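Numbering (this note's numbering), first residue to last: 686 to 917.
Think of the CB as a built atom: it goes at the ideal place given N, C-alpha and C, for glycine as much as any other residue.
Since the model is a prediction, treat every value here as computed from it, not as a measurement.
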């Protein structure tokens with residue numbers, strides 16, 4: 686039933702999600718329509734039962750509905766990130782830095798908007814799955830970050846890190862660099878949890894270069910608000 690339902694409604698859901706990731710100007714009523722469509726889908730199965738379902742039936746139906754939608758969202762995000770990744774193939778140096786910073790800023794914004802539209806899924810099915818020990822099931826925003834890390838950052842990791850280190854070397858020689866761009870890239874790596882990896886310990890150099898400590902995920906006002914309202 687849930688699989689049939691998701692195929693029935695996915696095309697319409699995908700249209701709204703496409704608008705988000707194409708950065709189209711989405712009016713409030715369009716956003717609320719997408720939010721409502723996701724909510725309606727998540728609550729659709731039980732509403733089709735003419736009898737009052739038992740708690741175990743409700744839970745089973747809810748799990749299946751959430752699973753199918755989560756799979757669709759994961760596949761969508763994966764394909765989108767892979768399409769963005771292709772645009773960076775072959776780029777080096779400053780071209781790589783500009784591509785990565787712009788692509789990340791656009792993607793992060795879209796992921797936040799999508800996460801809001803998926804609030805019901807986050808607070809119900811995803812939260813329950815996580816609390817039951819399935820730690821690979823995360824809120825939609827974190828799912829988006831995972832797709833970015835796996836399918837864009839990792840393939841471009843070597844070229845990106847080389848470009849960052851070249852910028853640091855230029856600054857040490859007194860040459861001008863685009864500090865704001867570099868800061869945004871490093872903040873991306875911090876949010877992805879990359880700078881904790883031994884092979885990418887560039888955060889200390891960049892912190893010194895930028896003149897202020899690199900923020901942690903929960904240290905900026907935006908991320909404090911995120912942690913406060915979206916932790917599960």
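Using a Cβ-Cβ cut-off of 6 Å (strictly less than) and excluding sequence neighbours within five positions of residue i, which residues of its own chain qualify?
i           : result
residue 841 : 773
residue 796 : 826 and 829
residue 694 : 726
residue 751 : 810
residue 919 : Here the chain comprises residues numbered 686 to 917, so residue 919 is not present and cannot be evaluated.
residue 920 : This structure leaves residue 920 out entirely; the chain is present only between 686 and 917.
Secondary structure at residue i, three-state DSSP: helix, strand or coil?
i           : result
residue 805 : helix
residue 840 : helix
residue 868 : helix
residue 819 : coil
residue 692 : helix
residue 862 : coil
residue 824 : coil
Keeping to the same chain, check which residues put their C-beta closer than 8 Å to that of residue i; ignore five residues upstream and five downstream.
i           : result
residue 740 : The predicted position of residue 740 is uncertain, since its pLDDT is 45 and thus under 50; no value can be drawn from it.
Going straight from the alpha carbon of residue i to that of residue j, what length do you get?
i           : j           : result
residue 810 : residue 855 : 49 Å
residue 833 : residue 763 : 8 Å
residue 628 : residue 786 : Absent from the model: residue 628. The displayed extent of the chain is 686 to 917, so no value can be given.
residue 806 : residue 846 : 36 Å
residue 700 : residue 814 : 27 Å
residue 819 : residue 804 : 19 Å
residue 784 : residue 831 : 19 Å
residue 768 : residue 857 : 36 Å
residue 868 : residue 821 : 29 Å
residue 696 : residue 816 : 31 Å
residue 753 : residue 716 : 22 Å
residue 760 : residue 835 : 13 Å
residue 746 : residue 870 : Unreliable placement is indicated for residue 746, whose pLDDT of 45 sits below 50; the coordinate value is still reported in the next sentence. Computed Cα separation, rounded: 42 Å.
Between residue i and residue j, is the Cβ-Cβ spacing less than 7 Å?
i           : j           : result
residue 719 : residue 829 : no
residue 777 : residue 844 : yes
residue 866 : residue 782 : yes
residue 877 : residue 770 : no
residue 852 : residue 862 : yes
residue 711 : residue 703 : no
residue 765 : residue 692 : no
residue 722 : residue 758 : no
Going along the chain, which residues of its own chain have a beta-carbon closer than 7 Å to the beta-carbon of residue i, five neighbours each way excluded?
i           : result
residue 789 : 873
residue 791 : 708
query = What runs of the beta strand (DSSP E), each 3 residues or longer, lie entirely inside the region 750-814?
reply = Counting only runs that start and end inside the region 750-814, there is no beta strand (DSSP E) element of at least 3 residues.
request  = Give, in chain order, every unbroken run of the alpha helix (DSSP H) that is at least 4 residues long and sits entirely within the region 700-732.
outcome  = Counting whole runs of 4 or more residues, the region 700-732 contains the alpha helix (DSSP H) stretches 713-727.
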